[in-house]
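Undergrad: There's a structure below that I have some questions on.
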Amino acid sequence: MDLQLTEEQRWLSESVDALIAREPADRVWRTLVEFGALEVRGDEAMGVVELALVARSVGARLAAVPYVDSAAVHYVVEIGDVSAAPCLSEPGRSFAPTDPSTTLDDGRLTGEKAGVLYAGAVDLLAVPASSTDGLVLALVPAAAAAITAEPTLDPSVRPALVSFDAAEADRVVADRSAVESLAAVGGVLASAEAVGAASTALELARDYASQRRQFGHTIGSFQAVRHLLADMYVKVESSWSSVLYAAAALDEEEPDALRTASIAKAYTARATRDVAHGALQVFGGIAFTAEHPAHRFLRRIAVRAGQFGTAREHERSLGRSLAHKLEVLT
Amino acid sequence: MKLALGAEERQLQDDVRAFLAEHSPDPDDIPQLLDDRIAYLRRWQARCYEAGYVGRAWPAEFGGGGRPTSEQIVVDQEFAAAGAPELVSIVGLDVLGPAILTFGNDEQRRRYVRPILSAEEIWCQGFSEPEAGSDLASLRTQAVETEDGWVLNGQKTWISWGQFARWCGVLARTDADVPKHKGISLFIVDMESRGVDVRPMEQITGHAEFSELFLDGVVVANENVLGAPGQGWEIAMHVVAHERGTAALPRQVTLRTWFDRLVAEAAHANRDGASLLADEGAQATLARALIEIEVLRHHASRTMSPFLNGGAVGPESSGVKLLMAQAEQTLGTAALDVLGEAAGGEFWHERYLYSRAASVYGGTQQIQRGIIADRILSLPKE
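Chains as they are written, first to last, in my numbering: chain A, -5 to 324; chain B, 65 to 446.
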């Protein structure tokens, strides 16, 4: 067992980071695609680990691109060079991507999905639906859906409610595992983006604590602040370990890969939010001003935490599975 | 990046499982009386050593197996998964043995390493003192050089297995005129020397694995200094940081076996006519405990990867230690919350009480945070 990144993986991570830093915001998406950040098939195929490295860089620089979303769809279905967004949550229902109330009837999709990030910006929507063939994943052009912006903590990712009224599907994948895989990979990549955001928030807070002086001392010399930052560091690093472990488990098709992904999502959602809260605390009042960057990391983390199942939803399903296994629940 | 074990490691895993299935004793067969228990555990470790499962990665010329470190971790995890009895020379295996291998001379390696592996000689560590706990570098035990060797005077505490140890690694001040970290040396003290007095202490779990150690004019020969005089602090910090990381991988397996036991007990216990495990609150408590154990596995696996593959581990092991203590304490508390304080019974009482030590031993949580703040985040000193 070896959980160290390879030379190639380190190179990938550094290249993508440099690329996102260099490009103007409106060119980041196109440059990522040209770089090959969505190539999940063929000789140079990226695995979930590589996708997670890119997603982390996207989060670290708060790039507003549908990378996590598109990469998850690309990973499960071959769709060419287009952008895409998974539509896994339904309004008023707990996260249950394999039990949709949305239906596919005679190739036409009807139902509503909530919290779809970049819905108005992507080409394609990937929508689990119930049909006479059982659970399917329908691919529908975004233009065929009615898209209504939702209230959100992070307007940069533009979450929306999408409604389908007998919308015609481009393609239908009648494979339950495609939906499971989409949810797991999406959750891992969303977590990776959140870890990226959290790591930058920690870095900024650490730098500030090393300069800011109060009571005649640098505040980073006060034990209460030092220990807060140390805990933030452990949360960033352990979240990243969990994301990488889950990504590797998916790549290597480990038998418990889906459960590991669920654990990584649940843990990372809470841990990265704690890091963002910690950063705001270290900055103090200055971080409450809109022009200060700290709140933007918090916002991104909060929105990615809510996607692909919240921590509470994953914990609940994990707890229920313990009871099922011992036949306490049937 | 690779999660799966290699073919050789999988074969080893099968071999260890077969060995444990045949030889690992039923917990009820292990004597309760402490003296008998230790004698029993020494025989157990000797058998494991003969089978090649102790010191597997230590150099062959000093009695080890000369195999890759990753193999010892496979073995340790299998022992933990099977709930096999503990290895009684744990302090020698985790702390003083590695210290002798890294900082000792060949004569010391030849003399001391093999008996640690075979449990012929048990070691203890004389680091903490009543007035030097977290502030270990302020220790007061003195060592003065004389014609007959070094003469040690002082008091040590929290000596695990002290009453059974043949040797003790004692940190003592050899130079009071240099900064406190620089004037400390590490001595190999024969516990049968004149002037050594060991007094067992009862722990909150009811066991007496600890002792106090009094050193009253104990003479230690020159050749029993480990490393150079003044190098004691460096050696102690090196081996302790190393132990923090390596302990976590088998520990998370042990925590997982306890967790599985807790879930099974909750499933079979009834309240208000229903299984405790049917309760959503209990399920959520258990899920959170499981997540902490699993994340400990993920983080320890990644942090220890450089070491398992031939490199070294630095201050990052402090983060592993923080998570390890937290996972153990979350599990101990979850057991009481889910089963109920009384219904938990002795097994869970002991787990719960013992878990409170997890954030103290090997450097408190506060010490670990300080290490991270200084050495990883490079924050200004307090």
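Just so you know, even glycine gets a beta-carbon here, dropped at the ideal spot from N, CA and C.
Quick caveat, the model's predicted, so the values are computed rather than measured.
Return the residues of the segment 208 to 223 of chain A that lie within a Cβ-Cβ distance of less than 7 Å from chain B, sorted by chain order.
TA: Correct list: THR212, GLY214, SER215, GLN217, ARG220, HIS221 and LEU223.
Undergrad: For a contact defined as C-beta to C-beta under 7 Å, what are the partners of A/LEU320 on chain B?
TA: Indexing the first sequence from 1 puts residue 320 of chain A at position 326. Per Cβ cutoff of 7 Å: VAL327, ALA328, ALA331 and LEU341.
Undergrad: Taking the DSSP output, what are the residues bridged to B/GLY190?
TA: Walking along the second sequence from the start, residue 190 of chain B turns up at place 126. Answer is B/VAL234.
Undergrad: Output yes or no for whether 7 Å exceeds the beta carbon distance between A/VAL230 and A/ALA192.
TA: Within the first sequence, residue 230 of chain A is the residue found at index 236, counting from 1. Within the first sequence, residue 192 of chain A is the residue found at index 198, counting from 1. Contact flag set, yes.
Undergrad: From the beta carbon of A/ARG35, is the nearest beta carbon of chain B less than 7 Å away?
TA: In the first sequence, counting from the first residue as 1, residue 35 of chain A sits at position 41. Not one chain B Cβ lies under 7 Å of A/ARG35.
Undergrad: Which residue spans inside the segment 28 to 84 of chain A form an unbroken beta strand (DSSP E) run of at least 3?
TA: 78 to 80
Undergrad: Please report whether the beta-carbon of B/ARG366 lies at a distance below 7 Å from any beta-carbon of chain A.
TA: The residue given as residue 366 of chain B occupies position 302 in the second sequence. Output row for B/ARG366: interface = yes.
Undergrad: Which of the three DSSP states is assigned to B/ASN169 in this structure?
TA: On the second sequence, residue 169 of chain B is found 105 positions in, with the first residue counted as 1. Coil.
Undergrad: Give the DSSP bridge partners of A/ILE213, in chain order.
TA: Here the question's residue 213 of chain A lines up with position 219 in the first sequence. Partner(s): none; A/ILE213 has no beta bridge.
Undergrad: Any beta carbon from chain A within less than 7 Å of B/VAL359's own beta carbon?
TA: The sequence position of residue 359 of chain B within the second sequence is 295, counting from 1. So, interface residue.
Undergrad: For A/PRO122, name the three-state secondary structure that DSSP assigns.
TA: Within the first sequence, residue 122 of chain A is the residue found at index 128, counting from 1. DSSP places A/PRO122 in strand when its eight states are reduced to three.
Undergrad: 7 Å is my cut-off, CB to CB: does A/VAL228 come that close to chain B?
TA: One-based indexing of the first sequence puts residue 228 of chain A at position 234. So yes, A/VAL228 belongs to the interface.
Undergrad: Flag this pair as touching only if the segment 150 to 167 of chain A and the segment 256 to 265 of chain A have three or more C-beta atom pairs under 8 Å; answer yes or no.
TA: no
Undergrad: Out of A/ASP159, A/VAL134, A/PRO122 and A/ASP225, which one is the CA nearest neighbour of A/GLU174?
TA: In the first sequence, counting from the first residue as 1, residue 174 of chain A sits at position 180. Nearest C-alpha to A/GLU174: A/PRO122.
Undergrad: For the putative contact between A/THR104 and A/ALA160, defined by C-beta atoms under 8 Å, what is the C-beta separation to the nearest angstrom?
TA: Position 110 of the first sequence, counted from the start, is the residue given in the question as residue 104 of chain A. Position 166 of the first sequence, counted from the start, is the residue given in the question as residue 160 of chain A. Going by Cβ atoms, the distance from A/THR104 to A/ALA160 rounds to 6 Å, so yes, they are a contact pair.
Undergrad: List the residues of chain A that B/LYS66 touches, going by C-beta distances under 9 Å, in chain order.
TA: In the second sequence, counting from the first residue as 1, residue 66 of chain B sits at position 2. Neighbours of B/LYS66 on chain A, chain order: MET(-5), ASP(-4), LEU(-3), ALA242 and GLU246.
Undergrad: Closer than 7 Å, CB to CB, is B/ARG433 near chain A or not?
TA: In the second sequence, counting from the first residue as 1, residue 433 of chain B sits at position 369. Chain A, which has a Cβ nearer than 7 Å to the Cβ of B/ARG433, makes this yes.
Undergrad: State the Cα-Cα distance for the pair B/ALA328 and B/GLU414, rounded to the nearest angstrom.
TA: Residue 328 of chain B sits at position 264 when you count from the first residue of the second sequence. Residue 414 of chain B sits at position 350 when you count from the first residue of the second sequence. So the alpha carbons of these two residues sit roughly 18 Å apart.
Undergrad: Counting only the same chain and skipping the five closest in sequence on each side, list residues whose C-beta sits under 6 Å from that of A/LEU323.
TA: Counting from one through the first sequence, the residue named residue 323 of chain A turns up at place 329. Exclusion of the five residues before and after A/LEU323 leaves ALA317 as the residues of its chain whose Cβ lies within less than 6 Å of its Cβ.
Undergrad: Which residues of the segment 214 to 228 of chain B have a Cβ closer than 8 Å to any Cβ of chain A? Give them in chain order.
TA: none
Undergrad: I want to see whether chain B comes within less than 7 Å of A/VAL10, judged by CB atoms only; does it?
TA: As a position in the first sequence, residue 10 of chain A is number 16, starting the count at 1. Chain B, which has no Cβ nearer than 7 Å to the Cβ of A/VAL10, makes this no.
Undergrad: Got a sec: is the Cβ-Cβ distance from A/TYR239 to anything in chain B below 7 Å?
TA: Locating residue 239 of chain A in the first sequence gives position 245, where the first residue counts as 1. Chain B, which has a Cβ nearer than 7 Å to the Cβ of A/TYR239, makes this yes.
Undergrad: Counting contacts by CB-CB distance shorter than 7 Å, is B/GLU135 in contact with chain A?
TA: For the purposes of this step, residue 135 of chain B is taken as residue 71 along the second sequence, with counting starting at 1. No - not a single Cβ of chain A is within 7 Å of the one on B/GLU135.
Undergrad: Is B/PHE191 near B/LEU235, with beta carbons less than 7 Å apart?
TA: Mapped onto the second sequence, residue 191 of chain B falls at position 127. Mapped onto the second sequence, residue 235 of chain B falls at position 171. Contact flag set, yes.
Undergrad: Since B/ASP239 and B/GLY294 should fall inside the 8 Å C-beta cutoff, what is the C-beta to C-beta distance between them, to a whole number of angstroms?
TA: If you number the second sequence from 1, residue 239 of chain B lands on position 175. If you number the second sequence from 1, residue 294 of chain B lands on position 230. Yes, they are in contact, since the Cβ atoms of B/ASP239 and B/GLY294 sit about 6 Å apart, within 8 Å.
Undergrad: Give a yes or no on whether 7 Å exceeds the smallest Cβ distance from A/GLU2 to chain B.
TA: Mapped onto the first sequence, residue 2 of chain A falls at position 8. Not closer than 7 Å to any Cβ of chain B, the Cβ of A/GLU2 fails to qualify, so no.
Undergrad: If you count every other CB in all the chains shown that lies within 10 Å of the CB of B/PRO162, and 16 or more means buried, which is it?
TA: Within the second sequence, the letter at position 98 stands for residue 162 of chain B. Classification for B/PRO162: buried.
Undergrad: What residue range is occupied by the uninterrupted alpha helix (DSSP H) comprising B/LYS6?
TA: Residue 6 of chain B is absent from the model: chain B starts at 65 and stops at 446.
Undergrad: Is the shortest distance between the beta-carbon of A/TYR69 and the beta-carbons of chain B less than 7 Å?
TA: Residue 69 of chain A sits at position 75 when you count from the first residue of the first sequence. With its beta carbon at least 7 Å from every one in chain B, A/TYR69 lies outside the interface.
Undergrad: Any beta carbon from chain E within less than 7 Å of A/GLY272's own beta carbon?
TA: Given the protein chain composition of this structure (A and B), no chain E is represented.
Undergrad: With which residues is B/PHE274 paired in a DSSP beta bridge?
TA: As a working note, residue 274 of chain B is residue 210 in the second sequence. Answer is B/MET265, bridged to B/PHE274.
Undergrad: Just the C-alpha distance for A/SER233 and B/LEU360, rounded to the nearest angstrom, thanks.
TA: Within the first sequence, the letter at position 239 stands for residue 233 of chain A. Within the second sequence, the letter at position 296 stands for residue 360 of chain B. If I take the Cα positions, the gap works out to 10 Å.
Undergrad: For the beta strand (DSSP E) holding A/GLU309, just list the boundary residues, first then last.
TA: Translated into positions along the first sequence, residue 309 of chain A becomes position 315. Per DSSP, A/GLU309 lies in no beta strand (DSSP E); the unbroken alpha helix (DSSP H) holding it starts and ends at 305 to 319.
Undergrad: Looking at B/GLU358: is its Cβ nearer than 7 Å to the Cβ of B/THR367?
TA: Stepping through the second sequence from its first residue, residue 358 of chain B is reached at position 294. Stepping through the second sequence from its first residue, residue 367 of chain B is reached at position 303. Contact flag unset, no.
Undergrad: Anything in chain A within Cβ reach of B/LEU372, meaning under 8 Å, just list it in chain order.
TA: Stepping through the second sequence from its first residue, residue 372 of chain B is reached at position 308. Ordered by position in chain A, the residues that pass the 8 Å Cβ test against B/LEU372 are MET(-5) and ASP(-4).
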